[in-house]
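S.K.: Got a structure for you, questions after.
Residue numbers (my numbering), protein chains in the order written: chain A, 1 to 102; chain B, 1001 to 1653.
Printed below as a string of structure tokens:
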């Protein structure tokens, strides 16, 4: 049970974070960018849970649960904003959403 | 007190009112109307004399808040006011006949009244500012009267010259007055007292001295008085012999307490010098009035010298006696001119003032002759006449001063009293010359008996009264006592007794000089001398000294030369200006243009280049940095990430 050392978790978490970051930076569609953000959040959650596993109180796990809830709320709001943007601009492509450009 | 004020106001203003009413009433009534102003004025001045001897009349009022002006009539002022009124009255009388038929007779009386009032106010003024104002008014009315016949350009020019010379000297007076009032805080003539010597006091003293020298026609300003003879002769008698020219002496007499020794010495030197120079000039003149003008300058020189040597009581006395006999002489000359004018009016080349045409007039003008001789002898300083008494006082004072100061100041102080004595010899020479040439010998032009030559009231009365005024008993009981003036004790207190032989020597010497002078004039100009016979053909002196005298030491001419020289100097400077200064200015201008062109190139290429370069840098950097703000969210996120990593790396290492 205790055969899996902490480093493995952390490496997995770093991998998740990097793939999320990559998605955020290179995907054209806003939905995929949101998915990337979810990945990065979950990488952080994984970190919290992993550290909690090696420290016998439950603080980290509770924090992770909070984070999941906040992420769900965030996803709901982000998606609804995205829906409205799509209605207004008739596109969810980030390159088209450039009205703030000078 | 209030009665005194009204009295004073009437006294000062009556001549002016009389003159103005005379002006308005037309030329036929003008003389009578003006006399109606003058006679009460004269009587009032006698009353004033009485009240001023009892108590000095002072009236001060606040002109602007905190600034008082004042009148003050003390014994000396009251005496001179009475004198001015008296002479003015005589002149008013005399002018009525002298100027009969002149188209401007009413104008003449208005000017005469204006002058008299100005002169009276000058004598009554106590504040220096008032004194200055009336000093100027007196000068101005003198200008009006000299230029009475302004249709003649020469006479108008003479009036202007006299006025201008006075103005130059008045600048000195103005400096003195302003210094006295503002800096030295000496505003009232009656409050002057001796001060500690200071630079400003010296300056003020010299300023006042210059003003007095100008008004009293002293060297170097004396040229204007002979020119002022262009005015009518009665005017000369009033203004240029008896009253106005004495104003300078009066001023010096008043400010004498604050004159420091240097100013006093200068006063004495200039006075003595003027007395001598003018006496020399009087000897060769042909014009009957010019002889009198130069003798006036000479006598004023005596008075100024008297002030300078500290014999101001004698100076004041001489001012008093001189007014009578000199006015008498001028009115006598006026009668002569009037007569000659009448009998020769058909001859247009004839000059009624030229002594070359006169001679033998005693037969035709007996009263004038007697009066003229009496006044002339008084002027010569012969005993039993008034001039002897006062001149005696001045000469004694000068000698005493010289003997007291010779040790401290050097031998030259004796030159001053010696010049006084030389002048005392010259005076009877020119007076004698004039009397011989005018009244004795044979007539040198057409003469005839003329019954209106001396009208009783208008000519005879002033001549007789002034002639009597030239006798000793009008002024002192003892004809040999220079300090015996009736008013002397009232004005100056008891004369101190002098333990010295000098007064006796002076008396003997001056009697000898006066008699000797008349003898010399008899030898040279008497009826039998050769000079008199050829006199009508005389063309002016030929010898150097004679020319020097005839042209009054070339003082006026030297002023002309000075101005011509000054003009030449300005022409030279003009040439220098055009040739050198202008060229320098031009080349400086060219240099400036070239330099500015160079500067323009530098400006365009270097300064503008720098500015443009700075602009180009910001433009380029801006263009580079706009790439960051692309508006694409993912680009910005990349930059965010790069920066985050950079910060982390920064903190780790």
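For glycine and all other residues, C-beta sits at the position ideal for the given N, C-alpha and C.
Measure from the C-beta of residue 96 (chain A) to each C-beta in chain B and report whether the shortest distance is under 8 Å.
M.R.: Counted from its first residue, the first chain places residue 96 (chain A) at position 96. Not closer than 8 Å to any Cβ of chain B, the Cβ of residue 96 (chain A) fails to qualify, so no.
S.K.: Give, in chain order, every residue of the region 1607-1641 of chain B whose Cβ lies closer than 8 Å to some Cβ of chain A.
M.R.: So the close ones are 1626, 1629, 1630, 1631, 1632, 1633, 1634, 1637, 1638, 1641.
S.K.: Give the DSSP-derived three-state secondary structure of residue 1469 (chain B) in the structure shown.
M.R.: Here residue 1469 (chain B) corresponds to residue number 469 of the second chain, with the count starting at 1. Helix.
S.K.: Helix, strand or coil for residue 1061 (chain B) per DSSP?
M.R.: The residue you call residue 1061 (chain B) lines up with position 61 of the second chain. Looking at residue 1061 (chain B) - three-state DSSP - the assignment turns out to be strand.
S.K.: Can you tell me the Cα-Cα spacing of residue 1699 (chain B) and residue 1623 (chain B), whole angstroms?
M.R.: Because chain B in this structure spans residues 1001 to 1653, residue 1699 (chain B) falls outside the shown range and cannot be described.
S.K.: Can you check whether the C-beta of residue 102 (chain A) is within less than 8 Å of a C-beta belonging to chain B?
M.R.: Here residue 102 (chain A) refers to the residue found at position 102 of the first chain. With a pLDDT of only 45 at residue 102 (chain A), under the threshold of 50, the placement of this residue in the model should not be trusted, and no figure is reported.
S.K.: Measure the beta-carbon distance from residue 1437 (chain B) to residue 1359 (chain B) and round it to whole angstroms, keeping in mind my assumption that it falls under 8 Å.
M.R.: In the second chain, the residue the question calls residue 1437 (chain B) occupies position 437. In the second chain, the residue the question calls residue 1359 (chain B) occupies position 359. So it is a contact: roughly 6 Å between Cβ atoms.
S.K.: If you draw a straight line from the C-alpha of residue 1613 (chain B) to the C-alpha of residue 1628 (chain B), how long is it?
M.R.: On the second chain, residue 1613 (chain B) is found 613 positions in, with the first residue counted as 1. On the second chain, residue 1628 (chain B) is found 628 positions in, with the first residue counted as 1. If you take the alpha carbons of residue 1613 (chain B) and residue 1628 (chain B), they lie about 24 Å apart.
S.K.: Please classify residue 1595 (chain B): does DSSP put it in a helix, a strand, or coil?
M.R.: The residue labelled residue 1595 (chain B) in the question sits at position 595 within the second chain. Correct three-state label for residue 1595 (chain B): helix.
S.K.: Over the uninterrupted alpha helix (DSSP H) stretch that includes residue 1644 (chain B), give me the two end residues.
M.R.: Within the second chain, residue 1644 (chain B) is the residue found at index 644, counting from 1. Taken as a continuous stretch (DSSP letters only), the alpha helix (DSSP H) holding residue 1644 (chain B) covers 1633-1652.
S.K.: Under 8 Å between beta-carbons, which chain B residues line up against residue 24 (chain A)? List them in chain order, please.
M.R.: Here the question's residue 24 (chain A) lines up with position 24 in the first chain. Chain B residues near residue 24 (chain A): 1634, 1637.
S.K.: Which ranges does the alpha helix (DSSP H) cover as unbroken runs of at least 4 residues, wholly within the region 1313-1398 of chain B, from first to last along the chain?
M.R.: List check, alpha helix (DSSP H) in window: 1366-1380.
S.K.: Look at the Cβ atom of residue 1335 (chain B), then the Cβ atom of residue 1365 (chain B), and state whether they are nearer than 8 Å.
M.R.: Position 335 of the second chain, counted from the first residue, corresponds to residue 1335 (chain B). Position 365 of the second chain, counted from the first residue, corresponds to residue 1365 (chain B). Their beta carbons are under 8 Å apart, which means residue 1335 (chain B) touches residue 1365 (chain B) by this criterion.
S.K.: Can the beta-carbon of residue 1106 (chain B) be found closer than 8 Å to that of residue 1159 (chain B)?
M.R.: Translated into positions along the second chain, residue 1106 (chain B) becomes position 106. Translated into positions along the second chain, residue 1159 (chain B) becomes position 159. Cβ atoms of residue 1106 (chain B) and residue 1159 (chain B): not closer than 8 Å.
S.K.: Could you please give the first and the last residue of the uninterrupted beta strand (DSSP E) stretch that includes residue 1070 (chain B)?
M.R.: Locating residue 1070 (chain B) in the second chain gives position 70, counting from the first residue. Taken as a continuous stretch (DSSP letters only), the beta strand (DSSP E) holding residue 1070 (chain B) covers 1067-1073.
S.K.: Alpha carbons only, please: which of B:1101, B:1567, B:1170 is nearest the one belonging to residue 1204 (chain B)?
M.R.: To locate residue 1204 (chain B), count along the second chain from 1; it is residue 204. If we check each option's Cα against that of residue 1204 (chain B), B:1170 comes out closest.
S.K.: Name the DSSP beta bridge partners of residue 1237 (chain B), please?
M.R.: Taking the second chain and counting its residues from 1, one reaches residue 1237 (chain B) at position 237. Paired residues: none, contrary to the question.
S.K.: Any beta-carbon of chain B closer than 8 Å to the one on residue 1 (chain A)?
M.R.: For the purposes of this step, residue 1 (chain A) is identified with residue 1 of the first chain, where counting begins at 1. For residue 1 (chain A), the predicted model reports a pLDDT of 49, less than 50, meaning its position is unreliable; a value from the coordinates is still stated below. No, its Cβ sits nowhere closer than 8 Å to a Cβ of chain B.
S.K.: Short check: CB of residue 1278 (chain B) to CB of residue 1222 (chain B), under 8 Å?
M.R.: Residue numbering aside, residue 1278 (chain B) sits at position 278 when the second chain is read from its first letter. Residue numbering aside, residue 1222 (chain B) sits at position 222 when the second chain is read from its first letter. Going by C-beta atoms, residue 1278 (chain B) is nearer than 8 Å to residue 1222 (chain B).
S.K.: So is residue 1530 (chain B) buried or exposed if we call it buried at 16+ other beta carbons inside 10 Å?
M.R.: As a first step, residue 1530 (chain B) is located in the second chain; it is residue number 530 there, counting from the start. Residue 1530 (chain B) should be labelled exposed.
S.K.: Thinking C-alpha only, which one of A:14, A:17, A:26 is nearest residue 1633 (chain B)?
M.R.: Counting from one through the second chain, the residue named residue 1633 (chain B) turns up at place 633. Closest by alpha carbon: A:26.
S.K.: Can you give, in chain order, each stretch of the alpha helix (DSSP H) that sits fully within the region 1097-1150 of chain B and has at least 4 residues?
M.R.: Listed in chain order, the complete alpha helix (DSSP H) runs (minimum 4 residues) inside the region 1097-1150 of chain B are 1105-1124, 1128-1146.
S.K.: Under 8 Å, with one C-beta from each stretch per pair, do the region 1227-1242 of chain B and the region 1173-1193 of chain B reach the 3-pair mark?
M.R.: Because the criterion of three Cβ pairs below 8 Å is not met, the region 1227-1242 of chain B and the region 1173-1193 of chain B do not touch.
S.K.: Please state the DSSP three-state secondary structure of residue 1411 (chain B).
M.R.: Position 411 of the second chain, counted from the start, is the residue given in the question as residue 1411 (chain B). If DSSP states are grouped into helix, strand and coil, residue 1411 (chain B) belongs with coil.
S.K.: For residue 1185 (chain B), does the three-state DSSP call read helix, strand or coil?
M.R.: To locate residue 1185 (chain B), count along the second chain from 1; it is residue 185. Looking at residue 1185 (chain B) - three-state DSSP - the assignment turns out to be coil, as it is neither helix nor strand.
S.K.: Name the two residues that bound the continuous alpha helix (DSSP H) containing residue 1007 (chain B).
M.R.: Locating residue 1007 (chain B) in the second chain gives position 7, counting from the first residue. Element bounds for residue 1007 (chain B): 1002-1024.
S.K.: Can you name, in chain order, every residue of its own chain whose Cβ lies under 6 Å from the Cβ of residue 1660 (chain B), other than the five neighbours on each side?
M.R.: There is simply no residue 1660 (chain B) to check, as chain B begins at 1001 and stops at 1653 in what is shown.
S.K.: Measuring only the C-alpha atoms, how far is residue 1573 (chain B) from residue 1511 (chain B)?
M.R.: By one-based count along the second chain, residue 1573 (chain B) stands at place 573. By one-based count along the second chain, residue 1511 (chain B) stands at place 511. Straight-line Cα distance between these residues: approximately 57 Å.
S.K.: Whole angstroms is fine: what's the gap from residue 1558 (chain B)'s alpha carbon to residue 1552 (chain B)'s?
M.R.: Here residue 1558 (chain B) corresponds to residue number 558 of the second chain, with the count starting at 1. Here residue 1552 (chain B) corresponds to residue number 552 of the second chain, with the count starting at 1. Using only the alpha carbons, I get a separation of about 11 Å.
S.K.: Is the Cβ of residue 20 (chain A) closer than 8 Å to any Cβ of chain B?
M.R.: Here the question's residue 20 (chain A) lines up with position 20 in the first chain. Chain B, which has no Cβ nearer than 8 Å to the Cβ of residue 20 (chain A), makes this no.
S.K.: Taking DSSP as the reference, what is the three-state secondary structure of residue 1 (chain A)?
M.R.: Counting from 1 along the first chain, the entry for residue 1 (chain A) is found at position 1. With a pLDDT of 49 at residue 1 (chain A), under the threshold of 50, the modelled position of this residue cannot be trusted; read the value that follows with caution. Correct three-state label for residue 1 (chain A): coil.
S.K.: List the endpoints of the continuous alpha helix (DSSP H) containing residue 47 (chain A).
M.R.: Position 47 of the first chain, counted from the start, is the residue given in the question as residue 47 (chain A). Run containing residue 47 (chain A): 30-53, per the alpha helix (DSSP H) assignment.
S.K.: Looking at residue 1124 (chain B) and residue 1077 (chain B), is the spacing between their C-beta atoms short of 8 Å?
M.R.: Sequence index remark: in the second chain, residue 1077 (chain B) carries index 77 (1-based). Sequence index remark: in the second chain, residue 1124 (chain B) carries index 124 (1-based). Result yes, Cβ atoms of residue 1077 (chain B) and residue 1124 (chain B) sit closer than 8 Å.
S.K.: Which residue wins for smallest C-alpha separation from residue 33 (chain A), given the options B:1647, B:1637, B:1649, B:1361?
M.R.: Walking along the first chain from the start, residue 33 (chain A) turns up at place 33. Minimum Cα distance to residue 33 (chain A) is reached at B:1637.
S.K.: What separation, rounded to the nearest whole angstrom, lies between the Cα atoms of residue 1430 (chain B) and residue 1540 (chain B)?
M.R.: Along the second chain, one-based indexing puts residue 1430 (chain B) at 430. Along the second chain, one-based indexing puts residue 1540 (chain B) at 540. Each residue's Cα considered, the two are about 16 Å apart.
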